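The block underneath contains the structure these notes are about, expressed in structure tokens.
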Amino acid sequence: MNVSDILRIKGQGLFTVTPDDPLQHAAAVMAQNQIGSLVVVSHGAVVGLLTFRELIKALTEHPEQWAHMQVRTVMDDAPLTCTPQTSMDEIERVIISGNYARYMPVMEKDQLVGLISLYDVAKAVLEAKDFENSLLKAYIKTWPEEG
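Numbering of the sequence shown is given in UniProt numbering, commencing with residue 1 and proceeding in unit increments.
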């Protein structure tokens, strides 16, 4: 299984903001769409990632100004990325390696093609394990008896 399999199952929903957008606008987009991150795009290029983690940090450190701050002031400007061909094993290694990557933009030839989350990865792994388990149970039920 690879990232393209997750994107096919997940669908193509992808939300972006620009570095110049106010944090209040970004927070509203996240809340309205019940999402935890936004890809930050400028002139067609991915320049960062904004998650609830950065929003909460800005809110607690700058409670009076956060709504007027721009996305660029708090975004992660070096998010970990992957490609559609990246294997699930590699994604799992990156997630548990201490990088704390809960969201990863999916890039193909400098083009944003999607975004996967830790939830998407966990769901895909669980579904694959459930499928494998059902196949094993079906195989065991048809196991030939020793004669």
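The C-beta atom is built at its ideal place from N, Cα and C for all residues, glycine as well. The model shown is predicted, which means the values in this text are computed figures rather than measured ones.
Quiz item: In three-state DSSP terms, what is Gln-111?
Solution: As a position in the sequence shown, residue 111 is number 111, starting the count at 1. DSSP, read as helix, strand or coil, puts Gln-111 in strand.
Quiz item: Could you give the residue range of the beta strand (DSSP E) that holds Leu-50?
Solution: Position 50 of the sequence shown, counted from the start, is the residue given in the question as residue 50. First-last of the beta strand (DSSP E) with Leu-50: 45 to 51.
Quiz item: With a cut-off of 8 Å, do at least 3 Cβ pairs link the stretch 55 to 73 to the stretch 86 to 102?
Solution: no
Practice problem: Determine, using beta-carbon pairs with one atom in the stretch 13 to 21 and one in the stretch 82 to 97, whether at least three such pairs fall under 8 Å. | Solution: no
Exercise. Take every Cβ of the stretch 73 to 92, pair it with every Cβ of the stretch 37 to 51, and state whether three or more of those distances are shorter than 8 Å.
Key: yes
Quiz item: Alpha carbon to alpha carbon, what distance is there between Val-106 and Ala-45?
Solution: Locating residue 45 in the sequence shown gives position 45, where the first residue counts as 1. Locating residue 106 in the sequence shown gives position 106, where the first residue counts as 1. The straight-line gap from Cα to Cα measures roughly 12 Å.
Quiz item: Are the beta-carbon atoms of Leu-115 and Val-39 separated by less than 8 Å?
Solution: Stepping through the sequence shown from its first residue, residue 115 is reached at position 115. Stepping through the sequence shown from its first residue, residue 39 is reached at position 39. Yes, the pair counts as a contact, with Cβ atoms nearer than the cut-off.
Practice problem: Identify whether Met-88 lies in helix, strand or coil by the three-state DSSP scheme. | Solution: Here residue 88 is taken as the residue at index 88 of the sequence shown, counted from 1. Per DSSP, reduced to three states, the secondary structure at Met-88 is helical.
Quiz item: If you drop the 5 nearest sequence neighbours on each side, which residues of the same chain put their C-beta closer than 6 Å to that of Val-41?
Solution: As a working note, residue 41 is residue 41 in the sequence shown. Thr-16.
Quiz item: Can you give the Cα-Cα distance for Leu-126 and Glu-132, rounded to whole angstroms?
Solution: For the purposes of this step, residue 126 is taken as residue 126 along the sequence shown, with counting starting at 1. For the purposes of this step, residue 132 is taken as residue 132 along the sequence shown, with counting starting at 1. Approximately 10 Å between the Cα atoms of the pair.
Quiz item: Which value, in whole angstroms, describes the spacing of the CA atoms of Tyr-103 and Leu-112?
Solution: Along the sequence shown, read from residue 1 onward, the residue named residue 103 stands at position 103. Along the sequence shown, read from residue 1 onward, the residue named residue 112 stands at position 112. Their backbone Cα atoms lie some 13 Å apart in a straight line.
Quiz item: If you follow the alpha helix (DSSP H) that Ser-97 is part of, which residue opens it and which one closes it?
Solution: Position 97 of the sequence shown, counted from the first residue, corresponds to residue 97. Here Ser-97 belongs to no alpha helix (DSSP H), and DSSP marks it neither H nor E.
Quiz item: Is it buried or exposed for Thr-86, if we count other Cβ within 10 angstroms and need 16 for buried?
Solution: Here the question's residue 86 lines up with position 86 in the sequence shown. Per the 10 Å Cβ criterion, buried.
Quiz item: Nearest to Val-74 by alpha carbon, out of Lys-10, Lys-137, Pro-22?
Solution: Stepping through the sequence shown from its first residue, residue 74 is reached at position 74. Checked all of Lys-10, Lys-137, Pro-22; the closest Cα to Val-74 is Pro-22.
Practice problem: Quick one: grab the DSSP three-state call for Gln-70. | Solution: By 1-based counting over the sequence shown, the position of residue 70 is 70. Gln-70 falls in the strand class under three-state DSSP.
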